[in-house]
Structure formats: C-alpha cells, structure tokens
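Below is one structure, written out as structure tokens; comments come after it.
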Amino acid sequence: MVAQGCDAEAAARGGDIPHDHLFKVTGLSSNNLQKLAQDAAPVVSDFEAAIAATQYGRFNVLLLACSLPAFWSAVSVTSSVSYIFTRAKCDMDLSLLDMGTVTAITYAGMIMSAMIWGFLSDTLGRRYIMVWGFLGAGVLEVAAALSQSFAMLLVTRFLCGFL
Numbered sequence: 165m166v167a168q169g170c171d172a173e174a175a176a177r178g179g180d181i182p183h184d185h186l187f188k189v190t191g192l193s194s195n196n197l198q199k200l201a202q203d204a205a206p207v208v209s210d211f212e213a214a215i216a217a218t219q220y221g222r223f224n225v226l227l228l229a230c231s232l233p234a235f236w237s238a239v240s241v242t243s244s245v246s247y248i249f250t251r252a253k254c255d256m257d258l259s260l261l262d263m264g265t266v267t268a269i270t271y272a273g274m275i276m277s278a279m280i281w282g283f284l285s286d287t288l289g290r291r292y293i294m295v296w297g298f299l300g301a302g303v304l305e306v307a308a309a310l311s312q313s314f315a316m317l318l319v320t321r322f323l324c325g326f327l
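Counting in the numbering used here, the sequence shown runs from 165 upward without gaps.
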C-alpha cells in the first residue's frame, strides 16, 4: 500500500516538470517529448545487416580518398625523423641520445595536446581543426627539415607532434 502511494507521487511529480526546464535541457516542450516517446519505435539491426543494406560504392571510395591525406600526414610526422637524421647527424654532430630525444619529443607533443585537440574539435568542428592542423603540421615539417641547430630541430619536432 505504501508502494502504490510512492508510485502515484512519482507519477504526479514527473508530470510537474516545468516547461522552461525541459526546453532548456532538450529544446522541446513536454508535449513534444511525449509525442517523441510514443512515436519512437526502436530499430534494431546488426552491423553486418547494415553493411549488406548499404553496399560498397562511390561514397566508400571518396571517403577513403579523403582520409588518405590525413593518414599520410600522421605517418609523415612520426617517420620523417629517420630521413632528417641521415643529414642532421653529420651537420649537427648528433649523438644517439640526441637522436632519441628528437624522436621522443614528437610523441611528447602528441601526448600533451591530445586532450586539447579533442576538446577543440568537439567545440569548433572536426573539419576546421583538421584542415588547419594538417596545414600547420606541413609547414612545421618543412621548418624541421630546414633547421640549422639542435634546439630548432627539437622545437619544430615538438610542434609537429603537438599539431
């Protein structure tokens, strides 16, 4: 008997949610939320059925073509150091510790900026961040290739990883 009273109170309180609060939270009025709850029938499908229904086509090829420059940029940032080392070892008289530091500083930049880029891409938009990030990383890659001192090489490699 007590449980029925609690259920009745909960139902009564559920209907008394102020309209302005619902609108602030969801952007919908309580009437629209009730309609959506009644009309929404869950559609259940597994991954294989979805892929079979959509098939493979021009969209998949274009998506792959659009993602290749991002892949090339990511590979370039992490592996271009090996091409720089062949010349920088002689020009800057780098030791094994120095070469290891240059390689590691790229990853340090990646680790330090991961949370920042995640937040910015969610707030400003992924496309905007990716376009300017890849452009900046390309410019810094050229600057790293043209660096004349160990300090400049470290800074440019860190910034490449940061972007």
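For glycine and all other residues, C-beta sits at the position ideal for the given N, C-alpha and C.
**Request:** Would you check if there are 3 or more beta carbon pairs closer than 8 Å linking the region 308 to 326 to the region 270 to 284?
**Result:** yes
**Closest by C-alpha distance to alanine 238, when choosing among Met274, Arg291 and Gln219** = Met274
**Request:** Taking 8 Å as the threshold, find out whether the region 221 to 237 comes into contact with the region 249 to 258 through three or more Cβ pairs.
**Result:** no
**Item:** Reference proline 233, options Ala268, Phe298, Leu304 and Thr320, closest by Cα
**Value:** Between proline 233 and the set Ala268, Phe298, Leu304 and Thr320, the nearest pair of CA atoms involves Phe298.
**Item:** Whole-Å CB distance - threonine 265 paired with leucine 318, under 8 Å assumed
**Value:** 7 Å
**Message:** Quick check: what's the CA-CA separation for tyrosine 271 versus aspartate 210?
**Reply:** 37 Å
**Item:** For leucine 226, three-class secondary structure by DSSP
**Value:** In this structure, DSSP gives leucine 226 a helical state, which the three-state scheme calls helix.
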